[in-house]
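Beneath this line is the structure, given in structure tokens, with notes to follow.
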Amino acid sequence: MSGLDDVLIGPRRPAPRRGTAPMVAAVLALLGVGVLAAGAGGAGPSAYVLNLIGQIATFGMLAVALDLIWGFAGVLSLGHGLFFAIGGYLVAMHMVKVTFLATGTPPDFMLFMGWDRLPFYYAGLESFAYTSVLVVVVAGLAAFAIGYTAFRSRVAGVYFAIITQAFVYVAMLLMFRNDTGFGGNNGMTGFTEILGQPLADRRTVAWLSGASILAAALTLGGSALLTGSRFGHMLIAIRDDEARLRFLGHDTLWIKLTVWCLSAVLAAIAGMLYVPQVGIINPRVLAPDLSIEIAVWVAIGGRGTLTGAFLGAVLVSALKFLLTAVAPDLWPFILSGLVLVVVVLLPNGLLDIRAVLASRQRRGTP
Amino acid sequence: MMGWRRRLAAGALFLLTLAATPVLADDRALSELLAPLCAGASAERVAAVDRLLDAVETGAAEPAWALRALEAVGGRRLVCAEGGVFITSGTGVIDAVTSAPGLADAVKAQGAFVDLRLRPYLDMGSAVLRLLASPGGPASGAALGELQKRAKIVPPGLIERAAAEPANAALAPGLRDVMAVAALNDPDPALRIAAIGRLAEAPSERNRTLLRDLSGDAALTSDPVVAAALADGITRIERWLTLGQVAASVYSGLSYASILFVAALGLAVIFGLMGVINLAQGELIMIGAYATFLVQEALKSVLPGLVDYYLLLAIPFAFAASGAVGIAMEVTVIRHLYRRPLMTLLATWAISLLLINLVRVTFGTQNLQFNVPPFLNGGTHVFADFIVTWNRLFAIGFALAVLAAALVVLRRTSLGMYIRAVTENRDMAGCVGVSARRIDLTAFGIGSGLAGVAGLALSPIYTVNPAMGVNFIVDAFMVVVLGGVGSIAGTAAAALGVGMINVTIEPMFGAVAAKVIVLLLIIVFIQFRPEGLFAVKGRR
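Chains as they are written, first to last, in the working numbering: chain A, 814 to 1179; chain Y, 22 to 561.
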């Protein structure tokens, strides 16, 4: 087999550089432990800062998930908000159910509908373990259904991106309805506790933030391992020339499906960590714009590098937090300017900036 | 009794002729006709109205004279006093029969109160008399409306006479309809059956309700012939009503499809040519609508006489504004991204964000106010309850014109030939001397301009604000995906399909469900034909 490969595709290409991802993952893990310690010890930064770091970490995790499928398999999804929302909505339902069992009254959005109990699909959601399993299963199944139908009929590239966007758009329209039991246009909010810990407590905040950072670190490290493996080489091969890989007898459908579902599940877990920290989920999460923004993080940081995707998400969302507070009218202009500059001048994102500058310099010297 | 001559042809001569009317011996008979109207139980006064109308029918009384009396009753100005019946007015009193000046002290008197039972008879009587006294006069339309409301109590003979007046020709169909409704309660079964048949020929919700009410009447349905005619009439009306509903849905589907087509055409041409999906297409539509708005405002201040035609005058401006933005996009950004189609998604999204916010900062977020020109207001009634509204017809006609223009440009001009050549095989076209880059630029400009024109066509139907483009973009993409790459026929067919499916599903399950189902259908469809409905054969 490998002999034939050598004949057909020439000598084995050198394995891609391991890159900076493991290092960044290690630093992140240290940070996560630090945050956990800060929470336990009662010292360190304020709850607000901890919460902000935790939210940004979930965005970074989401970006890494998208980079896995876009940067490595070359499949762009403009609908990853769908999976993020699946995780977010399920954990919100879990918290609503716990509150309902404690107080006996359904949340406001159900009282408005005239319901005196939770609909049947809230059954069992008071168990956090069951909720976690459900997050993985629902996100995985949804991704499988979309991916299987699309990849099987060889929908790829721009077509696939548009179809994923249509899915997230339709999901948003559905969630805007008030009769679905998911909170309608106001969404779900007013959560009080998770795993028995009050959400307002600084210790819980630190705990959630640390968990998010550790999850991001795990995602980053695991993705680095995965993409460095033989499976990762297959992904890169699909990105670069899927037709050739198919002629060589590889079933690219299942390779793509595997990484697609993995990416979706990671995004769902990020959503699950995000919602308890931000305290609300509503259909705005499913807006096509937000899903495109995830791709923007990856593009700005540099796709196919994992670290770049993570840092892009951290940079852009930190900037967004800062600027939407200081100059909300200015933010869309800065974001669109940033995207245009990166896309036109820095094809591989900001991580590319050194190489570009270097080549400019070389051209400049006679 | 028959001494009255028919000298009154038009209401304009009314007062003049009244003054000249000779006092005749049967004045007393006329006076007796009016006396019961002055006062008494409402049933008696209703009967008096009937008698008065009968007198008009037999020719014993003039319509104009009777009309004056009935209007006086309605205004509480008909007063019975010693020596006759008088009509008071602010300035004086006249004898209701002879029109001679009457007792001055009656000026202050007031006629009897008109109750709710009498009012419909008075209104109906006045309406029919008005049609007879001044046929085709300015109030005749309102009179017909009044008669249609009171169709169950009208005197058929007078209505027939009114319908026979040449000046009432325009109202004749409506009057016949009124007669038919009146004849439904006629004791003669033959007349009833004729009336049922006449109503069944003009299907509408109202006539169906009339016949249904009638079929609940046991006295009527006991006659098997009438009952059969009734049942037949109802089935016929229902058949037409169903057809009318189908026609109405097809019409609204067509208009929706037209909008989808115009919005998606530019997208499809650009996608076919360059493999670039322009996420800013919705914003180019928005810019077209804003350009239309600016043209309207400019006309208002410079040439107010032409404001009604702003939609036509704005076409070149909308095309140019969006086309210019599109060309600027192509030159500054998209040109650098031809080998990276996925990046163009992000780049055009960034441009759309930029455009939305630029417009928001310049114009504000509020919806724009468009004056709908008078020729786009209303519509025409076709049959049953199917109404063709002009603004939707405008959208359909517009889409057809755009389709024809696009086909001519692509099939009959050298530019079109180059565009098709580059779409099919970019490298080969380049080898035979077609400048692919120049074609790209031109096509991008045209595709963007088409979006601008779509914005113009949308402005009288939809709300226009900076974020309007977002609503179209996903639907337009679905049309492009379904229609296949770069095929105008495919785009048209897909728009038609999506539009029709949408209007079929929407009344059953609601708008959101319709979108979900259309999307799922498209996904299923792509399983079988990944290249879309009309795939262009080409190598890429």
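Don't be surprised by glycine CBs; every beta carbon is placed ideally from N, CA and C.
Item to complete: Please confirm if G296 of chain Y has its CB atom under 8 Å from at least one CB of chain A.
Response: Translated into positions along the second sequence, residue 296 of chain Y becomes position 275. Contacts with chain A at 8 Å (Cβ-Cβ) include G296 of chain Y.
Worksheet entry | Where E318 of chain Y falls: helix, strand or coil (DSSP) | Working through the second sequence from its first residue, we reach residue 318 of chain Y at position 297. E318 of chain Y falls in the helix class under three-state DSSP.
Worksheet item: Is there a Cβ from chain A that is less than 8 Å from the Cβ of P208 of chain Y?
Response: For the purposes of this step, residue 208 of chain Y is taken as residue 187 along the second sequence, with counting starting at 1. Interface flag for P208 of chain Y against chain A is unset, since no Cβ pair is found closer than 8 Å.
Discussion item. If I measure Cβ to Cβ from A860 of chain A and keep anything under 7 Å in the same chain, skipping five residues before and after, which residues do I get?
Written reply: In the first sequence, residue 860 of chain A corresponds to position 47, counting from 1. Closer than 7 Å at Cβ, skipping near neighbours: R1015, V1018.
Fill in: L179 of chain Y and L74 of chain Y closer than 8 Å at C-beta
Position 158 of the second sequence, counting from 1, holds the residue named residue 179 of chain Y. Position 53 of the second sequence, counting from 1, holds the residue named residue 74 of chain Y. Yes; because the gap between Cβ atoms is below 8 Å, this pair is in contact.
Item to complete: Specify whether the segment 272 to 291 of chain Y and the segment 539 to 548 of chain Y touch according to this definition: at least 3 beta carbon pairs, one from each stretch, less than 8 Å apart.
Response: The segment 272 to 291 of chain Y vs the segment 539 to 548 of chain Y: no contact.
Fill in: Integer-rounded CB distance, given that F941 of chain A should sit under 8 Å from A1080 of chain A
To locate residue 1080 of chain A, count along the first sequence from 1; it is residue 267. To locate residue 941 of chain A, count along the first sequence from 1; it is residue 128. About 20 Å separates the beta carbon of A1080 of chain A from that of F941 of chain A, a gap too long to meet the 8 Å contact definition.
Worksheet item: Which word fits F964 of chain A, buried or exposed, when buried means at least 16 other C-beta atoms lie within 10 angstroms of its C-beta?
Response: By one-based count along the first sequence, residue 964 of chain A stands at place 151. Residue environment for F964 of chain A: buried (at least 16 other C-beta atoms within 10 angstroms of its C-beta).
Worksheet item: Are the beta-carbon atoms of N991 of chain A and G1000 of chain A separated by less than 8 Å?
Response: Indexing the first sequence from 1 puts residue 991 of chain A at position 178. Indexing the first sequence from 1 puts residue 1000 of chain A at position 187. Against a cut-off of 8 Å, the Cβ pair of G1000 of chain A and N991 of chain A comes out as no contact.
Practice prompt. Starting from G400 of chain Y, follow the beta strand (DSSP E) in both directions and report where the run begins and ends.
Written response: Stepping through the second sequence from its first residue, residue 400 of chain Y is reached at position 379. Segment 400 to 404, the beta strand (DSSP E) holding G400 of chain Y.
Worksheet entry | Contact the segment 867 to 886 of chain A vs the segment 1017 to 1037 of chain A: 3+ CB pairs below 8 Å | Of all C-beta pairs linking the segment 867 to 886 of chain A to the segment 1017 to 1037 of chain A, three or more are shorter than 8 Å, placing the two stretches in contact.
Discussion item. Please identify, using Cβ separations under 7 Å, the residues of the segment 980 to 1012 of chain A that lie next to chain Y, in order along the chain.
Written reply: Those residues of the segment 980 to 1012 of chain A that come within reach of chain Y (Cβ to Cβ, closer than 7 Å) are Y982, V983, L986, L987, R990.
Practice prompt. Take the Cβ of M499 of chain Y as the centre, count every other Cβ of all protein chains shown within 10 Å, and call the residue buried at 16 or more, exposed below.
Written response: Position 478 of the second sequence, counting from 1, holds the residue named residue 499 of chain Y. So M499 of chain Y counts as buried.
Worksheet item: Nearest to W370 of chain Y by CA position, among A:D1102, A:L1119, A:L1143, is which residue?
Response: In the second sequence, residue 370 of chain Y corresponds to position 349, counting from 1. W370 of chain Y has its Cα closest to that of A:D1102, out of A:D1102, A:L1119, A:L1143.
Item to complete: Count the other CB atoms, across all protein chains shown, that sit within 10 Å of the CB of N189 of chain Y; report buried if there are 16 or more and exposed otherwise.
Response: As a position in the second sequence, residue 189 of chain Y is number 168, starting the count at 1. It counts as buried.
Worksheet item: Mind listing which residues of the segment 499 to 529 of chain Y have their C-beta closer than 7 Å to chain A's C-betas, in chain order?
Response: For the segment 499 to 529 of chain Y, which is checked against every Cβ of chain A, the residues closer than 7 Å are M499, V502.
Worksheet entry | Bridge partner(s) assigned by DSSP for Q1010 of chain A | Here residue 1010 of chain A refers to the residue found at position 197 when the first sequence is read from its first residue. Listed as beta-bridge partners of Q1010 of chain A by DSSP are A:I1007.
Practice prompt. At 9 Å on the CB atoms, spell out the chain Y contacts of W962 of chain A, in chain order.
Written response: Here residue 962 of chain A refers to the residue found at position 149 when the first sequence is read from its first residue. For clarity, residue 962 of chain A is Thr in the given sequence; the question names Trp instead. Per Cβ cutoff of 9 Å: I544, V545, I547, Q548.
Practice prompt. Would you list the residues sitting across from A102 of chain Y in a DSSP beta bridge?
Written response: Within the second sequence, residue 102 of chain Y is the residue found at index 81, counting from 1. A102 of chain Y is bridged by DSSP to Y:G105.
Practice prompt. Step through the CB atoms of chain Y and report whether any lies within less than 8 Å of the CB of V848 of chain A.
Written response: Counting from one through the first sequence, the residue named residue 848 of chain A turns up at place 35. Under the 8 Å criterion on CB atoms, V848 of chain A is classed as non-interfacial with respect to chain Y.
Fill in: Within 9 Å of chain Y by C-beta, residues of the segment 1085 to 1097 of chain A in sequence order
Within the segment 1085 to 1097 of chain A, contact with chain Y at the beta-carbon level (separation under 9 Å) is assigned to no residue.
Worksheet entry | Distance, I440 of chain Y Cα to G466 of chain Y Cα | In the second sequence, the residue the question calls residue 466 of chain Y occupies position 445. In the second sequence, the residue the question calls residue 440 of chain Y occupies position 419. The alpha-carbon of G466 of chain Y is positioned some 13 Å away from that of I440 of chain Y.
Fill in: Three CB pairs or more closer than 8 Å across the segment 1081 to 1093 of chain A and the segment 870 to 887 of chain A
As far as the Cβ criterion goes, the segment 1081 to 1093 of chain A touches the segment 870 to 887 of chain A, which means the pair count is three or higher.
Discussion item. Please report whether the beta-carbon of R361 of chain Y lies at a distance below 8 Å from any beta-carbon of chain A.
Written reply: By one-based count along the second sequence, residue 361 of chain Y stands at place 340. Nearest CB-CB separation between R361 of chain Y and chain A: below the 8 Å threshold.
Worksheet item: Starting from I217 of chain Y and walking both ways along the alpha helix (DSSP H), at which residues does that stretch end?
Response: Here the question's residue 217 of chain Y lines up with position 196 in the second sequence. Where I217 of chain Y is concerned, the enclosing alpha helix (DSSP H) stretches over 210 to 222.
Worksheet item: Does the beta carbon of L333 of chain Y sit closer than 8 Å to a beta carbon anywhere in chain A?
Response: Mapped onto the second sequence, residue 333 of chain Y falls at position 312. Taking CB atoms only, L333 of chain Y has no neighbour in chain A less than 8 Å away.
Worksheet item: Are N388 of chain Y and T525 of chain Y touching if we call contact CB-CB under 8 Å?
Response: The sequence position of residue 388 of chain Y within the second sequence is 367, counting from 1. The sequence position of residue 525 of chain Y within the second sequence is 504, counting from 1. No Cβ-Cβ contact shorter than 8 Å links N388 of chain Y with T525 of chain Y.
Fill in: Distance between N392 of chain Y and W411 of chain Y (C-alpha atoms, nearest Å)
The residue given as residue 411 of chain Y occupies position 390 in the second sequence. The residue given as residue 392 of chain Y occupies position 371 in the second sequence. Rounded to whole angstroms, W411 of chain Y to N392 of chain Y spans 15 Å at the Cα level.
Worksheet item: Nearest-angstrom Cα distance between I417 of chain Y and G166 of chain Y?
Response: In the second sequence, the residue the question calls residue 417 of chain Y occupies position 396. In the second sequence, the residue the question calls residue 166 of chain Y occupies position 145. Rounded to whole angstroms, I417 of chain Y and G166 of chain Y show a C-alpha spacing of 33 Å.
Item to complete: Enumerate in chain order the residues of its own chain whose CB-to-CB distance from L849 of chain A is below 6 Å, with the five nearest sequence positions on each side excluded.
Response: For this step, residue 849 of chain A is matched to residue 36 along the first sequence. Excluding residues up to 5 positions away in sequence, G1023 lie with their Cβ nearer than 6 Å to the Cβ of L849 of chain A in the same chain.
Worksheet item: Alpha carbon to alpha carbon, what distance is there between F933 of chain A and V806 of chain A?
Response: In the structure displayed, chain A extends from 814 to 1179; residue 806 of chain A sits before or after that span and is not available.
Item to complete: Consider the Cβ of I1147 of chain A: report whether some Cβ of chain Y lies at a distance smaller than 8 Å.
Response: Sequence index remark: in the first sequence, residue 1147 of chain A carries index 334 (1-based). Under the 8 Å criterion on CB atoms, I1147 of chain A is classed as non-interfacial with respect to chain Y.
Worksheet item: chain Y beta carbons: is any one of them nearer than 8 Å to that of L1153 of chain A?
Response: What you label residue 1153 of chain A is simply residue 340 of the first sequence in a count that begins at 1. Yes - at least one Cβ of chain Y is within 8 Å of the one on L1153 of chain A.
Worksheet entry | Residue burial classification, N398 of chain Y (beta-carbon count within 10 angstroms, cutoff 16) | As a working mapping, residue 398 of chain Y is identified with position 377 in the second sequence. Classification of N398 of chain Y: exposed, given that the 10 Å Cβ count is below 16.
Worksheet item: Considering F292 of chain Y, what are the terminal residues of the alpha helix (DSSP H) in which it resides?
Response: Taking the first residue of the second sequence as position 1, residue 292 of chain Y is located at position 271. Start and end: 245 to 295.
Discussion item. Buried or exposed, going by whether 16 or more other CB atoms sit within 10 Å of the CB of A310 of chain Y?
Written reply: The sequence position of residue 310 of chain Y within the second sequence is 289, counting from 1. A buried status is given to A310 of chain Y, since no fewer than 16 other beta-carbon atoms sit within 10 Å of its beta-carbon.
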